[in-house]
Structure formats: C-alpha cells, structure tokens
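Chains as they are written, first to last, in the working numbering: chain A, 69 to 341; chain B, 80 to 538; chain C, 10 to 302.
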C-alpha cells in the first residue's frame, strides 16, 4: 500500500474525529469569545472574538473579590488532592499487597459508599461538622473527599502490577513496610498518581454543593460559589461572567494538559476484572 | 518500625489539625446562644426580648452586624450607603456584608434549622417577599420578632409590610418596592401602529389583540418570562387573587381569578406573544437584544433593561392590563421586592432595628442615592423627594419613579400563604400540561389542587 | 521471629494501612447514611419532626411529582448511559491507533468539556438553544425552520437538550477509561487475528469487546450511578421546567428539603429510594457480568 493510500484510508476516521472534536470544543470557544465581548453582544450570540477583555477584567476585579475565592479554590483543591492521594494510595496498597479474605470483604463493603446519594447524607454530615467546629475550614472542605473509594480502587487494581519480588527483596534488605511504600511503590506508580490527581483535582475544583453548604463568608468561599453569585443579581454582565468561567476552567484544563499522557497510562490496569 | 509508623500517622493527624486551625475563620463575634430546636415564634420572640434587655445601650458589646444578601449593584450597594449614613452619628457602627444569593440563604437556613445549629447565621438576612412568610412559618427559630422594637411600620405601604407579617407579628423591615410595571419598546410599538397610550388602562383581551398585531407586523413577541412563575403571580395579584382561601386551604379549582389567569396565559404562549425562558440570562437577553418588545415585572426590572445602553429613550412604562370579567381586577400588582430580617442569632436586635429606622425607615438621602440603581422606596415619605419627579432619559423622559409610586398606592393586598412556592410549581406544571400535552383546564387544575393538598398534608 | 508471626504482623500492617481511609468512609458516609435512614422515619415541617414509621415511604407512591421525576430520571438513564458507553468505546477505538497523527489533539478536545464547570455549561447551552440563539440562526438560514423554535421551552426538546449536554460533558471522560482499557490489549492478538483472516469488525467483536468487558462493566456502573443522581443539569440548565417536565429526582429531593416548605424526612426517604435503585442495578450488573465470564 502506498503512503497516500494509507493516508486516504484514515481520512474518514479523521473527519469523524474532527467533527466530534469541534462539537466538543465549540462551547469552550464560545466561552472565550464571550469573555472578550460586551454583555449585549454575548447575548446576541456573536461568534467573533471582541475587544472588551480588558474592560471585562476591570469590572470583574472591581465588583468581586476574586483573589480570595481563587486562592481558596486552589488551596482546597491542592490540599484535597494531596491528602486524598496519600490516604487512598496507602489504603489501595494495603488492600492489595496484604490482601486476605477479611480485607477483601471490607473493600466490598466500602465500595457501597459510591452509591450513597449526597442529598441523603448532607444534613447529618452538616450536623457532625457543626459539632466539630469544621464549618468554614479547609479540613471541612477536604474531609468528605479525602477517602474516595474510586481512588482506593484505582490503586488497589494498579498495585497488582507492582512486582511482589521487589517487596520481598526490600524486606530482606531490612526496609520498613512504610519505607517500601514510599521509596519503591510511589515512584513506580507515578502514572496512577497522575490519573488520580487529575480526577481528584477536577472533582475538588468543581465541588459546589458541599462548599455552598459549609462556607459562609468572603474569606472562605470558593470560585464556583462566586460565579454562582454573579448570576443572582438583577442584571448579569455576561462578558464578565464568562471571563470568570474561563478563569475557573483554566486550572482543570492545565492539570489535564500537564498530566494527560500519564493520565491515560495510569488508568490502564485500573480495572482488570 | 512500628514506632515510626505511629509517628507518621500521628504527624499526619497533627498537620490536619493545624490546617483546621488556620482555616478556622468563623464569621464575626456576633453570635450568641443557640436557638433551641422546636421553639415557636412566640418563644423566639421571648428570647429576643430578653436579649434586648441584656443588650440595650448599644455601647456594650460589638457594634458590628453581619449581613447576608446578594447583588452588589443593588442590595449591597444600598446597604453600604445606609451604613455610611448611619456611621455619621454612630462612628463605631460597622456592617460586615457577605454576598450570599437567595438560594444559598434558603439552603443554609434550612440546614441550620434541621441540624439545630444556629450560630452560623448572620445578624441580618435579605428575603424575597414571596418567600418571607413561608420562611418564618417553616423556620420560626431563625427569625427575631421585631414587633416591639419600635420600628415605624405605619410609614410604609400596608401591602408591603404584609409580606413580612405573620399572625400580626412583624418579622421584617421593608426594603425595595416590587410594584409591577409594563415596559414597552416605543419604536417597535410604532411599527405596529401603536403608542404607549394604547397599552395603558387596558384589559388582557385588548392586550392580546394588540400583541398579535405587534407580532405579525414586527416579528417580536411582546413579553417573555421565566416559565410562568412571575407572570402568573403578577396577574393573580392584580386582581387580589391567591392560590389559597382565607383559611389557608388550597383553592385552585373553583378560583375564577386563577382560571382566567391560566386561560390568558396559555393563550399568550400558544399565540407566540409570550416566550417562556428557562434562565435569567435568556430572559434578560431577550429584552436587551431587542428580540422581545416589552417586559412585565417588578419595577426593579428597569435596572436590567438599562443595561442595553443603546436602547436609551426607546422604552416607556405604563400600568398592567387587567383581567376581564373579574370584579376585583385592577391594573396594578407587585412582584419580587425584598425585605430585611433580623435573625434570632443577633445579639443586639435593638441596634439592628435602630440602624434600619435611621436609614431604610427614615433617610431621604438613602432613597435618593439608591434611586439611580432602580431601587424604589416603600417608605412613603421618600416619594415626596424632588428626585422622584425627575424625568429619566432611558425611559423617553418619563418621570418613571413618581409614576411607579402612584401605581404602588393601588396594588391590591393579597394572601401569599406558606405553601405559595409549592402552589406556584403545581400550577406551572398544570399550565405546561395544558399547553404542551393538550390537557384540559379543569382536570389539570384539579390535579394541581390534589397535588397541593397532598404536599400540605405532609404525612 | 517465626514465620507465622511475620505473616500476622504483615496482615496487621495491612490493616493499619487501610485504616485511615476505612475510618473516614465509615464516619463520613455510613454514619450519616444511618442517621439519614432514621430521619426518613420521621416527618414534619422544618425542625418540628415526629416519628411516623414508614409513612414517608408509602407517601412516595401517592406523590405525582415523585412519580413524574423518577420517570424523567429513568428516561435520562436509559438514553444517556448506553449512548455514553457506546460512543466512548467507538471514540476510544478510533483514537487507539498509534499511526493517527493528531491523536493527542483529538483526545484533549473530546475530554475538555469535562473540565468546564456546570454553571458555564448551562449558560452556554441555554444561549446556544435560545429562541434567537446560534442553533436557531443556523436552522433558519438552512431553511429548516421558519421561525425560531423555543427548544428549552418545550418539554420534549428540553429533555433532549439536557441529555445532549450530559453526553457532551461526560463522553470524553468515559473515553479515557476505554482508551486505558484498550492499551491493555496486546497488539499481537490483533496480528494473529489478521493472519487468521479476520476483518477489523470481526476482531472488534471477538477481541476488543470481550477484553474490554471489565472496563465496560465498571463504567456502566459509574454511569448508572451518576445518571440516577442527576442534579446539576436539571437545576442549572432548565430549572426543572417547563413545569416539572425536565426535573430529575435528585432535584426534586433538593427542592423538598430546601426550596419548598421543607420536609426533610420525606426527602431522606426519597434519597433511600435512589440508594436502593443504584444498589439493585449494580447488583444485577455484577451478576450479569459474572455469568458471561
């Protein structure tokens, strides 16, 4: 088969993927366009990037206290991601490497928590929080997300690929169990951590319901909360709103971009029956 | 080895605790004892009274009040002006305003009540008038009874005060007017051969005929709205109608006002002269982009209209159409004003009331300053301000503020009811079924009433 | 140290490793769940609640709004889950081609919607489908429509758009899982199949699908779970309207606790229904998945 023929054979495939990609990206393109236009033009549905970006930025910064919200969101998401990766990966490792019948049944029971609708546990959880003075705190934000069954599962499955011989050899060398985990397991599992990081960060960043419930002032509110306030006025400036939306989307996009190669790799073996 | 592990886990817990410490920025020291769950409004009033005696002479304790409200350009702006006015005589007074939207306030109030944790609440909350009574009845522990603090309620229009009054007790401080107005695009009406006079003091039947002509000649629907919610409420109110009878029982089936409203509304949608929107953005967008030729809502809608600067001079306002064949029908209604509430958590309700009395209940200066954002007073003396007589360029130099003030006087009083929101959703659902699934009005209203009764029995 | 004690010790260390995570899950999920169950046995307005046994559960079956919202939720589930899975697999197979040049760009583009916040997606879709929005403008220009159609104002089309938005947001996310699954499949399997004369379609049915099965099972459970808990789309895109026509069950539950006159016991009972639904479905999935093994 000649080169050209090969290219030609991929053409339909490329067209399909291109159309779908465009469909997926178009709304985002629209956000960018809207962020650079005046509110009225946004509502008219313009598709041409405008020149109002600086103006939108000025009004956004002068009307809203965006920096605390932004730093809070970054802080909550980063801490959540970090702590939850530590807690969940140790647990996933523990479930797999030291597995026995008891641990397997515990794991099955914990799996059930994935099915618990948040609306059901919201009020009891809130009561517990108030009792422990966790409202308006970073710990309050991260706690419900720290131990995620999905992550534990991810690490449990991926641990199967981690050679037992390495563990045995290290034990003979007198390495502690925790030492094995941190010095050998963590470095080899980088892709899994990347995958876990992407997913946890995205969830934490966009977490809205819980933040809305427990955060009650300007000093602790998150960026999605700020965006939600922007639509509550008698008049919403869409240029300004879309700029805020764009800003709120950037961190997740950056994280995904930075980690995407390892992300796919890390998911590999996440679920192998 | 074991030791090292324990140390590690311990240090982990410790670092968590430290995080808790640094993030522990609870809102201002304004909170006091927790309201006990299950107390009645009377009990709440009692506790408020005792707090009053403890806290009189605002010199003791903090003079900072925390407020939850929304909209920086409107409510928050008004509050900040009021703060600076009050500070002239009370230099130590300070407001801590936390932007919280109405839905969030509702959620947090419900969470606080259900979990019995009240100390998260601020001193002052802003409420939409249509949900005020319902909130007081559902969450009696949240509200302080303000009846005996000497606020000058008699200087406000009775209809407005009624929104925040439950069983003859006052739980709110009236803020802005929700007097409903009809706004039309002068230029679009002209294309169809009409002027604003053709839409003044008319009935809905007349309106419908003219709206069809406008649609035919210009392609513009005359109105749009967020589903049927606001439109239906305005029309009901204009005839003094309610979803409930005097005893608070659902009254949807044998309600001639509601039936007329549903008939007019469904016709509006079917004829295409009213577009149902699903979001605030497309609702306002419809007017700002010139897709829709008019607007009918509380007078605060003027603020939204004026965002389209290039439409300046093209808008005019007038009163509402009135329902045909209804004895109590008028051309006036009210929609979506709001009132302040003082919570049971406020350690110094007297200070809060004094602040309101000196500002929202007594400052001409405040009302003159917030007029430009479109916030119109419900404090009757404010209407005497010369500012209210001034023509407004955006509205083709009509003296809109004094017009609205005259409309306010004619707004009929209505019974809102605790289950207002449930009733509104159920009727909206009935309307949807009538319009889109060909349901007939009798059976749909009957179904809505059954649903409402079901919701109210609560067992 | 004898061998038994070493084993015992290691097992103990295992328990210590998983203890923090398990502890947190128990405290933050199971305990509140049990509390919620007890709340579901009480009824009343706001804070004044009394014990009424299982009356909240009986109430559901007489509640027209509950029945309508659960029907809508099931519709969303039945339509979106298969579409997401099938489309996800197709996209992953298309992208799992080492010679495809723009692979990385396509993958990123398709995944990006998952990064967009819900407020934004709702605003975007609302304006795209507004009466004078982009979609109507295009349809008018193509002569398909004569006047702008109010997509979100009609129950049928509003439901469709809600589902489109859901698929748009999540299909890339599913695709990533399948891509990962595909990378586990050894290329030599396909080579062997080609030598045996199997076509592409045949090797897809005979090799790809069977080997992806665990991943399909897993994503399906995740999708079903999230479909039954649809909340954000219903709140942000349509507000549940017109009427109750697009309202999902979780949205109705939220309204019952926070928007309408609150009845928290009842909304807990409805949440328990979601839980039961999800549990049953997961169970069936697992069983079906096992049997074909």
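Every residue, glycine too, gets a C-beta built ideally from N, C-alpha and C.
The model shown is predicted, which means the values in this text are computed figures rather than measured ones.
### Query
Going along the chain, which residues of its own chain have a beta-carbon closer than 6 angstroms to the beta-carbon of residue 437 of chain B, five neighbours each way excluded?
165
### Query
Exposed or buried, which one is residue 233 of chain B when buried takes at least 16 other CB atoms within 10 Å?
exposed
### Task
Rounded to whole angstroms, what's the CA-CA distance from residue 388 of chain B to residue 474 of chain B? Just pull it up for me.
11 angstroms
#### Entry: Closer than 8 angstroms to chain B by CB, residue 208 of chain C
no
### Message
Which residues of the stretch 77–108 of chain A have a Cβ closer than 8 angstroms to any Cβ of chain B? Give them in chain order.
### Response
107 and 108
### Message
Count Cβ pairs between the stretch 393–409 of chain B and the stretch 245–265 of chain B that sit closer than 8 angstroms; are there 3 or more?
### Response
yes
### Message
For residue 433 of chain B and residue 203 of chain B, what's the separation of their Cα atoms in angstroms?
### Response
13 angstroms
### Query
Beta-carbon of residue 71 of chain C versus every beta-carbon of chain B: anything under 8 angstroms?
yes
### Message
Only counting the same chain, and skipping five residues up and downstream in sequence, which positions put a Cβ closer than 6 angstroms to that of residue 219 of chain A?
### Response
156 and 264
### Task
Please name the residue in B:520, B:277 and B:241 whose C-alpha comes closest to that of residue 490 of chain B.
B:241
### Alpha-carbon spacing of residue 480 of chain B relative to residue 424 of chain B, whole angstroms
37 angstroms
### Query
Who pairs with residue 496 of chain B in a beta bridge, going by DSSP?
Per DSSP, none; premise fails for residue 496 of chain B.
### Task
Return the chain-ordered ranges of every alpha helix (DSSP H) run that is complete within the stretch 168–229 of chain B and spans a minimum of 4 residues.
181–194 and 208–217
### Query
Between the stretch 438–452 of chain B and the stretch 270–288 of chain B, do three or more beta carbon pairs fall short of 8 angstroms?
no
#### Entry: Local Cβ density within 10 Å of residue 370 of chain B, reported as buried at 16 or more and exposed below that
buried
### Message
Output needed for residue 273 of chain B: all residues of its chain with C-beta closer than 8 angstroms, excluding positions within five of it in sequence on either side, in chain order.
### Response
289, 292 and 293
### Query
Any C-beta of chain C sitting closer than 8 angstroms to the C-beta of residue 179 of chain B?
no
### CB contact below 8 angstroms: residue 497 of chain B versus chain C
yes
### Message
Quick check: the Cα distance between residue 283 of chain C and residue 42 of chain C, rounded to an integer number of angstroms?
### Response
13 angstroms
### Task
Check each candidate in B:328, B:411, B:468 and B:502 and name the one with the smallest Cα separation from residue 279 of chain B.
B:411
### Message
Which residues in chain A have a C-beta closer than 7 angstroms to the C-beta of residue 183 of chain B? List them in chain order.
### Response
280
### Task
Output, in chain order, the set of chain C residues within a Cβ distance shorter than 9 angstroms of residue 22 of chain A.
Here chain A comprises residues numbered 69 to 341, so residue 22 of chain A is not present and cannot be evaluated.
### Proximity winner among B:416, B:443 and B:308, relative to residue 39 of chain B (alpha-carbon distances)
Residue 39 of chain B is absent from the model: chain B starts at 80 and stops at 538.
### Message
Using only the alpha-carbon positions, how far apart do residue 138 of chain A and residue 319 of chain A sit?
### Response
10 angstroms
### Message
Rounded to the nearest angstrom, what separates residue 297 of chain A and residue 176 of chain B at their Cα positions?
### Response
14 angstroms
### Query
When you compare each of C:193, C:202, C:100 and C:289 to residue 230 of chain C by their alpha carbons, which one comes out closest?
C:289
### Query
Which residues bound the beta strand (DSSP E) around residue 149 of chain B?
Unbroken run through residue 149 of chain B: none, as it is neither H nor E.
### Task
Over the uninterrupted beta strand (DSSP E) stretch that includes residue 253 of chain B, give me the two end residues.
251–253
### Task
Any chance you could list the alpha helix (DSSP H) runs of at least 4 consecutive residues sitting entirely within the stretch 466–517 of chain B, in chain order?
479–488 and 499–515
### Query
Cα separation between residue 298 of chain B and residue 159 of chain C?
15 angstroms
### Message
Taking contact to mean 3 or more Cβ pairs, one atom from each stretch, closer than 8 angstroms, check whether the stretch 100–108 of chain A and the stretch 300–320 of chain A are in contact.
### Response
yes
### Query
Is residue 229 of chain B close to chain C, meaning its C-beta is less than 8 angstroms from at least one C-beta of that chain?
no
### Message
Any beta carbon of chain A sitting closer than 8 angstroms to that of residue 301 of chain C?
### Response
Unreliable positioning characterises residue 301 of chain C in this predicted model, as indicated by a pLDDT of 44, which lies under 50. A coordinate reading is not provided.
### Query
Would residue 150 of chain B count as contacting chain A if we go by Cβ distances under 8 angstroms?
yes
### Query
Taking a cut of 7 angstroms between CB atoms, which residues from the stretch 259–284 of chain C lie near chain B?
266, 267, 268, 269, 270, 271, 272 and 273
### Minimum C-alpha distance to residue 155 of chain C - residue among C:164, C:168, C:25 and C:141
C:141
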